[in-house]
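Chemist: First residue of the sequence shown? That's 5 in my numbering, and the numbers climb one at a time after it.
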Amino acid sequence: MMKALRKYLNKIKPNFEPEGKLHAFRSLYDGFETFLFVPNTTSKTGVNIHDAIDSKRIMSFVVIALMPALLFGMYNVGYQHFAAAAVKLGDAGILASASFFELFFYGFFAVLPKILVSYIVGLGIEFAWAQWKGEEIQEGFLVSGILIPMIVPVNCPLWILAISVAFAVIIGKEIFGGTGMNIFNPALICRAFLFFAYPTKMSGDAVWVADEKILGMGYNLPDGFTMATPLGEIGQGMAPKAELCDMVTGFIPGSIGETSVIAIAIGALILLLTRIASWKTMLSVFVGGALMAAVFSATKMTAIPWYEHLVLGGFCFGAVFMATDPVTSARTETGKWIYGFIIGVMAIVIRVMNPGYPEGMMLAILLMNMFAPTIDHFVVERNISKRLKRNKD
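1. Could you tell me whether the region 197-204 touches the region 165-175, where touching means 3 or more Cβ pairs closer than 8 angstroms?
2. To the nearest whole angstrom, what separates the beta carbons of A73 and S264, a pair I think is in contact under 8 angstroms?
3. Looking at the secondary structure, which residues open and close the alpha helix (DSSP H) in which M296 lies?
4. Could you round the C-beta distance between G236 and P153 to whole angstroms and report it? I think they count as a contact, below 8 angstroms.
5. Could you tell me if C194 is buried or exposed, where buried requires 16 or more neighbouring beta carbons within 10 angstroms of its beta carbon?
6. Where does I187 fall in DSSP's three states?
7. How far does the alpha helix (DSSP H) with W133 in it extend, from its first residue to its last?
8. Cβ atoms of F104 and I280: under 8 angstroms apart, would you say?
9. Count the other CB atoms, across all protein chains shown, that sit within 10 Å of the CB of R355; report buried if there are 16 or more and exposed otherwise.
10. Are at least three pairs of beta-carbons, each pair with one atom in the region 103-120 and one in the region 296-313, less than 8 angstroms apart?
11. Quick check: the Cα distance between A88 and F319, rounded to an integer number of angstroms?
12. Express the C-alpha separation of Y202 and M326 in angstroms, rounding to a whole number.
13. Quick one: what does DSSP say M221 is sitting in, helix, strand or coil?
14. If you reduce the DSSP assignment to three classes, tell me which class A323 lands in.
15. When you compare the region 251-259 with the region 116-136, are there three or more beta-carbon pairs, one atom per stretch, that lie closer than 8 angstroms?
16. Taking M71 as the reference, which of F375, Q135 and V147 has the closest Cα?
17. Once DSSP output is grouped into helix, strand and coil, what is the label at T306?
18. With DSSP as the reference, label M78 as helix, strand or coil.
19. Is DSSP giving L151 helix, strand or coil here?
20. Just reading off the alpha helix (DSSP H) that A368 is part of, what are its end residues?
21. Here's the rule I'm using: 16 or more other beta-carbon atoms within 10 Å means buried, otherwise exposed. How should D1 be labelled?
22. Starting from R355, trace the alpha helix (DSSP H) in both directions and tell me its first and last residue.
23. State the start and end residues of the unbroken alpha helix (DSSP H) segment that holds I270.
24. Mapping the DSSP letters down to three states, classify Q84 as helix, strand or coil.
25. At which residues does the alpha helix (DSSP H) containing M424 begin and terminate?
26. Going by C-alpha distance, which of S282, E312 and L219 is nearest L248?
27. Report the rounded CA-to-CA distance for L276 versus A368, giving the unit in angstroms.
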């Protein structure tokens, strides 16, 4: 099949060459060709730094690493819906009698439209932008397109998601020059836009549990139905009702892909084994977060143990999939330690000191995205100074 597809692409390729009648759509052809096949071209001049993997393969490995969290997130959407129906309709048998497939496919069809909207809007803008600029289509949105649906509540309206994706791609990415040039993580730009432009759709107690039937599955829950996340309860000065076991496994309300520490850990292992993400950045985020949470716990400024801060909300997801973004994070080895550590510290500080925004991870990473080049600059300058000093000695 792949040979036939390769033969067909070779057959129509002349139409997209400079003399071809479809030359205006060359970037569209290149985008599909490089998505399906590894480019067979190599550079012939200049000095090049390279390895055995291209950006497309990097993006593919990240998407694979995201699959455990995404699949569990779909199941948890169904689980939370049926659990809420059991409580609100006063029938404990609703959840007990629901099969694994009922829970999963309810969540699957609840999440699928968000994935489709994210990719259709994001890739549509990228294709149009590349066509307008006469450039190749980049693979960067392959990851952002799946990250965005995973970091929003299940009840986020599709039209609002579409607007946010468009803002993230245009203002957060293409304005800076496209893939590899952006200062801020596009998925987090999308979430930040959602949070500040439509706060009632991103926070509160009414956005975390799907409340309608989907394709005949599930239940129509009563109007005004609410379900607080553990972080929301903490923000209100309450102790979270969820047990630590549920926090780790992920059977709690929250953003679609952020609840299960186990699923995120599987993704982290994939990223580390394939050397896509830096273990230094990941570890330093957790170290910074743990130390800051321990300080707040010791001073009685937070009502939960320090370790619960690390398994709640988007902390794990942000540390594994957002802080390690190779484009927007620090690139020097020493800089990765500093960058990750400050993210962990800032995430907990924002959580504890600002009850109106009990998450913290999004703002911490965006803040450090801005300072990552500065950190790298001072690390490089320090190394240069040390070398010059050694030469003088």
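Virtual Cβ for every residue (Gly too), placed ideally from N, Cα, C. All of these numbers come straight from a predicted model, not from anything done at the bench.
Modeler: In short:
1. yes
2. 6 angstroms
3. W283 to A302
4. Going by Cβ atoms, the distance from G236 to P153 rounds to 21 angstroms, so no, they are not a contact pair.
5. buried
6. coil
7. F104 to K137
8. no
9. buried
10. no
11. 25 angstroms
12. 22 angstroms
13. strand
14. helix
15. no
16. V147
17. coil
18. helix
19. helix
20. M365 to K396
21. What the structure shows of the chain is the stretch from 5 to 397, and residue 1 is not part of that stretch, so it cannot be assessed.
22. E337 to M357
23. V265 to L277
24. helix
25. This structure cannot settle anything about residue 424, because the visible part of the chain is limited to 5 through 397.
26. E312
27. 23 angstroms
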